[in-house]
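Asker:
Residue numbers (full-length UniProt numbering): 1 to 416.
1) Taking DSSP as the reference, what is the three-state secondary structure of residue 458?
2) From 316, 309 and 391, pick the residue whose C-alpha is nearest to that of residue 221; which is it?
3) Check whether the region 362-376 and the region 395-411 are in contact - that is, three or more C-beta pairs closer than 8 Å.
4) Residues in its own chain within less than 7 Å of residue 287 by CB, not counting five upstream and five downstream?
5) Pairing CB atoms from the region 345-354 with CB atoms from the region 310-322, are three or more of them under 8 Å?
6) On the DSSP letters alone, give me the boundaries of the beta strand (DSSP E) that residue 306 sits inside.
7) At which residues does the beta strand (DSSP E) containing residue 275 begin and terminate?
8) Pick from 381, 146 and 261: whose alpha carbon is nearest that of residue 285?
9) Can you tell me whether residue 155 is helix, strand or coil according to DSSP?
10) For residue 313, which beta-bridge partners are listed by DSSP?
11) Is the distance from the Cβ of residue 327 to the Cβ of residue 361 below 8 Å?
12) Roughly how many angstroms lie between the CA atoms of residue 155 and residue 338, to the nearest whole one?
13) Can you name the start and end residues of the alpha helix (DSSP H) that residue 245 belongs to?
14) Can you name the start and end residues of the beta strand (DSSP E) that residue 291 belongs to?
15) Express the C-alpha separation of residue 411 and residue 262 in angstroms, rounding to a whole number.
16) Going by DSSP, what residue range makes up the alpha helix (DSSP H) through residue 380?
17) So, using beta-carbon positions, are residue 282 and residue 345 closer together than 8 Å?
18) Run through the DSSP bridge pairs and tell me what residue 259 is partnered with.
19) Using the Cβ count rule (16 or more neighbours within 10 Å means buried), how would you classify residue 324?
20) In terms of residue numbering, what span does the alpha helix (DSSP H) encompassing residue 203 cover?
21) Within 10 angstroms of the Cβ of residue 217, are there 16 or more other Cβ atoms? Answer buried if so, exposed if not.
22) Based on DSSP bridge pairs, tell me the residues matched to residue 216.
23) Less than 8 Å between the CB atoms is what I'm expecting for residue 172 and residue 195, so what's the real figure, rounded?
24) Pick out whichever of 202, 179, 175 and 176 has its Cα sitting closest to the Cα of residue 186.
25) Does the beta-carbon of residue 251 have 16 or more other beta-carbons within 10 angstroms, so that it is buried, or is it exposed?
Pasting the structure below:
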C-alpha cells in the first residue's frame, strides 16, 4: 500500500469525515476544537467546585433576566420576552453569553423567529457538512498569482502554514522548493522538535521536515505546542514549587531513555519529553516526542500526556492519547512526572490488550503477534528514526496493509 493510499484512508474517528473530509488527520479540526480543548475543563474542575461551594445559591432560584443563564437584552419588537424565547435561551446558556445584545452594523429591528438568533448563525457553519463546490474552480486560485506575491505571502506565514500550502498547490510546492533555503528548513525542524538531534549528516532538511510532519500524530496539537497557556484562575504556589522541583530533578538525574525540556518557564505548564524505544521491543531505536500539559490544579489533577510521534501500540491511540490507568482513573498525589514517564516506558514493552485505545491494534496483537511486531518495527523506522536513517530511505518506505486486513476481519467476526 502506497503512502498516498494510507493518507487518503485516514478520516476523523468521531465524525467519520462529516465535518472535515480529507484532512488526513485522526481527528478533524472541527471535532478537535470541541473534544481536545487547549484548556481542558478537568484542569480547573476542582477550583470551579470550590467557588460553587462558597456561594449561597441553592440552585432553585429563578435567574433574573440579564444573568448568566439568560441573554442580557434581546431587542424584540415586543416589550417582554415570551416564554417560548426564554426556554430557547435557557437551553443554550454558554452560547447566549458570548454574543452582545445588539450590533451597531445590524438593524435594530429583530424578529422573534429562531432563525434570527445569533446562536443559530454561530452554529450553522459547524452543523453542515463541508462539500466542495464545482463553482470554485472558476474563481482565482494560487496558481494564478505571480511568484513575487507568493513569496510575500510565504514570508508572513509560519512553517506549518507553509507546509500546508505546499501540500495544497503544485505551484506553491514548486516555488517553496526552489526559494526556501536549507537553513530555513533546518530552523523549522529545530523550532518544532527542539529535542531532535541527528546522529548522521542530513542531506536535505526540507525532506527531513516533510518526513517529520508526516510522523506527527496530530498537527493541531503540534501547532498548539508553542502557544502560551493562560490559566483562568491564578495557580497556587504549591503547584509551582512542586512542578519546578520535579522538572529540576528530571533534568539533574533523568531516567534511562527519557529526556525532557520545558517550553514555558513562567507557569511550567508545557513540557516536551523524548522517550527512547526500550531494548528488545519493536520500538527499539526510535525516539518518540511526548507532549505534557500540566494543569493549574496539579498535583490534585493529573497532567495531559500525548504522543506527538506516531506509534503502533494497543494502548496509544492514533491521536497520541495514552491509555494509562494512573493518568485517567487512579491518579494520586504520590505520582509525579518521572513516575508517569517511567510507566509509559514500561507500557511500551508490556501492552495491555484487555482494554485498548485502538481495538484493531489490540486484535492484531492477540491474533498475530509476529505481524504486529513487524508492523510496529516498520512504523518505528518510518516515523521515529529520523535521527539516524536518511530522509530518502524513510520517504521511500511502504507500510504493509495489516491494519486494514485486521479491521475487515473484525467486521466479519462481528457480523457472524
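Even glycine gets a Cβ: it sits at the ideal position worked out from N, Cα and C.
Answerer: Inspection of the coordinates gives the following:
1) Only positions 1 to 416 of the chain appear in the structure, and residue 458 is not among them; the question remains open.
2) As a working mapping, residue 221 is identified with position 221 in the chain shown. The candidate whose alpha carbon is nearest that of residue 221 is 309.
3) yes
4) Walking along the chain shown from the start, residue 287 turns up at place 287. Cβ within range, chain order: 274, 276, 384 and 387.
5) yes
6) If you number the chain shown from 1, residue 306 lands on position 306. Residue 306 -> beta strand (DSSP E) spans 304-307.
7) To locate residue 275, count along the chain shown from 1; it is residue 275. 270-276 is the span of the beta strand (DSSP E), which, as asked, contains residue 275.
8) Translated into the one-based positions of the chain shown, residue 285 becomes position 285. Ranking 381, 146 and 261 by Cα distance to residue 285 puts 381 first.
9) Taking the first residue of the chain shown as position 1, residue 155 is located at position 155. Residue state, collapsed to three classes: coil.
10) The residue given as residue 313 occupies position 313 in the chain shown. Answer by DSSP bridge pairing, in chain order: 316.
11) For this step, residue 327 is matched to residue 327 along the chain shown. For this step, residue 361 is matched to residue 361 along the chain shown. No, Cβ-Cβ distance for residue 327 and residue 361 is not below 8 Å.
12) Working through the chain shown from its first residue, we reach residue 155 at position 155. Working through the chain shown from its first residue, we reach residue 338 at position 338. So the alpha carbons of these two residues sit roughly 40 Å apart.
13) Locating residue 245 in the chain shown gives position 245, where the first residue counts as 1. Looking at the DSSP string, the run of the alpha helix (DSSP H) that includes residue 245 is 237-252.
14) Indexing the chain shown from 1 puts residue 291 at position 291. Element bounds for residue 291: 287-293.
15) Numbered from 1 along the chain shown, position 262 holds the residue referred to as residue 262. Numbered from 1 along the chain shown, position 411 holds the residue referred to as residue 411. One C-alpha to the other measures close to 44 Å.
16) Numbered from 1 along the chain shown, position 380 holds the residue referred to as residue 380. Its alpha helix (DSSP H) spans residues 369-383.
17) As a first step, residue 282 must be located in the chain shown, where it is residue number 282. As a first step, residue 345 must be located in the chain shown, where it is residue number 345. No; because the gap between Cβ atoms is not below 8 Å, this pair is not in contact.
18) Along the chain shown, read from residue 1 onward, the residue named residue 259 stands at position 259. According to DSSP, residue 259 bridges with 274.
19) Within the chain shown, residue 324 is the residue found at index 324, counting from 1. Buried: at least 16 other Cβ atoms inside 10 Å.
20) Here residue 203 refers to the residue found at position 203 of the chain shown. Segment: none, residue 203 is in no alpha helix (DSSP H) and carries neither H nor E.
21) By 1-based counting over the chain shown, the position of residue 217 is 217. Buried: at least 16 other Cβ atoms inside 10 Å.
22) By one-based count along the chain shown, residue 216 stands at place 216. The partner list for residue 216 (beta bridge, DSSP) reads 309.
23) Taking the chain shown and counting its residues from 1, one reaches residue 172 at position 172. Taking the chain shown and counting its residues from 1, one reaches residue 195 at position 195. The pair is not a contact, with the Cβ atoms about 30 Å apart (cut-off 8 Å).
24) As a first step, residue 186 must be located in the chain shown, where it is residue number 186. With distances taken between Cα atoms, residue 186 lies closest to 202.
25) Reading the chain shown from its first residue, position 251 is the one you call residue 251. Its Cβ having fewer than 16 others within 10 Å, residue 251 is exposed.
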